[in-house]
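Quick note: the sequence shown, position 127, residue 143 per the numbering used here, numbers continuous.
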Amino acid sequence: MKKNIGNKTVSLLLLIVLVGFPQISETIFSPSLPSIAEAFETSMSDVQLTMSVYFIAFAFGVFFFGRLSDKIGRRKAMLYGVLLYFIGNVLCLAANELVVLLVARFIQAFGASVGSVITQTILRESFSGIERHKLFAQISAALAFTPAIGPLIGGFTDYYFGFRIVFWVLVLMSVIVFCYAFLRLPETAPSSIELKPLLPIIKRMITNARLWRYGVLIGGINGVLFSYYAEAPFIFTQYFPLTSAVYGFLGIIVALASITGAMLSKRLVIHIAPEKIIIRGLNIMLSGTLLSASVHFLPIPLQLPTMIVSVFIILFGTGTALPNCLSLALIDFQDVIGSAGAVFSLIYYLLVSIITYGMSIFHNGTVLAMPIYFLMLGLIMLLISSRLQE
Numbered sequence: 017m018k019k020n021i022g023n024k025t026v027s028l029l030l031l032i033v034l035v036g037f038p039q040i041s042e043t044i045f046s047p048s049l050p051s052i053a054e055a056f057e058t059s060m061s062d063v064q065l066t067m068s069v070y071f072i073a074f075a076f077g078v079f080f081f082g083r084l085s086d087k088i089g090r091r092k093a094m095l096y097g098v099l100l101y102f103i104g105n106v107l108c109l110a111a112n113e114l115v116v117l118l119v120a121r122f123i124q125a126f127g128a129s130v131g132s133v134i135t136q137t138i139l140r141e142s143f144s145g146i147e148r149h150k151l152f153a154q155i156s157a158a159l160a161f162t163p164a165i166g167p168l169i170g171g172f173t174d175y176y177f178g179f180r181i182v183f184w185v186l187v188l189m190s191v192i193v194f195c196y197a198f199l200r201l202p203e204t205a206p207s208s209i210e211l212k213p214l215l216p217i218i219k220r221m222i223t224n225a226r227l228w229r230y231g232v233l234i235g236g237i238n239g240v241l242f243s244y245y246a247e248a249p250f251i252f253t254q255y256f257p258l259t260s261a262v263y264g265f266l267g268i269i270v271a272l273a274s275i276t277g278a279m280l281s282k283r284l285v286i287h288i289a290p291e292k293i294i295i296r297g298l299n300i301m302l303s304g305t306l307l308s309a310s311v312h313f314l315p316i317p318l319q320l321p322t323m324i325v326s327v328f329i330i331l332f333g334t335g336t337a338l339p340n341c342l343s344l345a346l347i348d349f350q351d352v353i354g355s356a357g358a359v360f361s362l363i364y365y366l367l368v369s370i371i372t373y374g375m376s377i378f379h380n381g382t383v384l385a386m387p388i389y390f391l392m393l394g395l396i397m398l399l400i401s402s403r404l405q406e
């Protein structure tokens, strides 16, 4: 049921843009990792740190902007965050060594995090029940295009013009997002909103077992997705010698998988409990992981198509499970949704950062590293999801 927010309703398109530009910022960068490693004369494992740093900064950013939005409102916090994101993109463009790039990525991600936490806060405080589940599924389906757009633009740009132009694209995108939000984003926070003390909220969250389970699941699912983006450039441009431009087209596979999973979730939630949908999605993910592990043992002509099919199955499974996790995670904290969302997002994005860093450690130059890593993560998540209905 839609809550009464009067003329402060935000368009679905604007919500998709605001929650989607952080994902584009991450995935557009992925095809350039080998080029950056070569240009900065460093290893692939070191360059993969740009992914981990991104999520560390993102984690602290969602906490900061979630709290700030309770103090100054959703609109102002969003605009400040996008402005900081612009500054980070300019610094990425100017970076001439890995350390500078890592600092720039931190600033970029800290600002970009505003799109995630505030958009989710707007959804959670404006909608409830089945409609909220459906909206999260719709946005998840639409967001599936952002992983496709990112590698596609990044791959072609890197291949034909070099990775520096990728940073120019991000600078331009930050200007467009700021102008769109400035012109179209209303203030959606309740007029009675106040910045409540954080300690009592944290105490409530610590004792809420269901919240922790969803936090691990959301962090794990996103960790799988972005670990894929950290490892996929190696798999598809070095193990399978595809160009960065051709690799960019594989983003369409990711998009189709995530869209199909999210739309299936939207249909199933009418008839099946969302907790059961989560378990089904994780089982699908594990089946794809097992298939990807078989690639190492297959004849060479079968390896590439099998890997592509397995990636589709993995991300179809995560796309089915994730919208329900996001929708259910904070249902016990509607009275403090901004601050609770800030703390919760901090926790699970730190987990995403740890998992993505783990992928860089597991990277060993073989095609088996990713499947083994995903298998461990999937089994842990499946165990946790089996207790969601308690």
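We treat Cβ as the ideally placed atom computed from N, Cα and C, and that holds for glycine.
With contacts defined as CB atoms closer than 8 angstroms, Y389 and S274 fail to qualify as a contacting pair. Fully contained in the segment 47-126 are the following alpha helix (DSSP H) runs of length 4 or more, in chain order: 49-55, 60-63, 65-88 and 90-110. Taking the C-beta atoms as reference points, G166 is found nearer than 8 angstroms to T43.
Following the DSSP letters along the chain, one finds Y244 inside the alpha helix (DSSP H) bounded by residues A225 to F250.
The three-state reading of DSSP puts F37 in helix, counting H, G and I together. G89 is a Cβ neighbour of A205, given a cutoff of 8 angstroms. Across the structure, A289 and L117 are spaced so that their CA atoms are roughly 44 angstroms apart. For the options F378, V182, S326 and I134, the alpha carbon positioned closest to that of M392 is the one of F378.
Rounded to whole angstroms, the gap between the alpha carbons of N340 and F360 is 16 angstroms.
Taking 8 angstroms as the upper bound for CB-CB distance, M397 and A246 are not in contact here, some 19 angstroms apart. By the Cβ neighbour-count rule, T223 is exposed, with fewer than 16 other Cβ atoms within 10 Å of its own. Under the DSSP assignment, S27 falls outside any alpha helix (DSSP H); it carries neither an H nor an E label. In the DSSP assignment, P339 falls within the alpha helix (DSSP H) that extends over I316 to L344.
Proximity to A309 across S190, L367 and T322 peaks at T322, based on C-alpha coordinates. Between H287 and T382, the C-beta gap is not smaller than 8 angstroms, which leaves the two residues out of contact. By the Cβ-count criterion, Y101 is buried, with 16 or more other Cβ atoms from all chains shown falling within 10 Å of its own Cβ.
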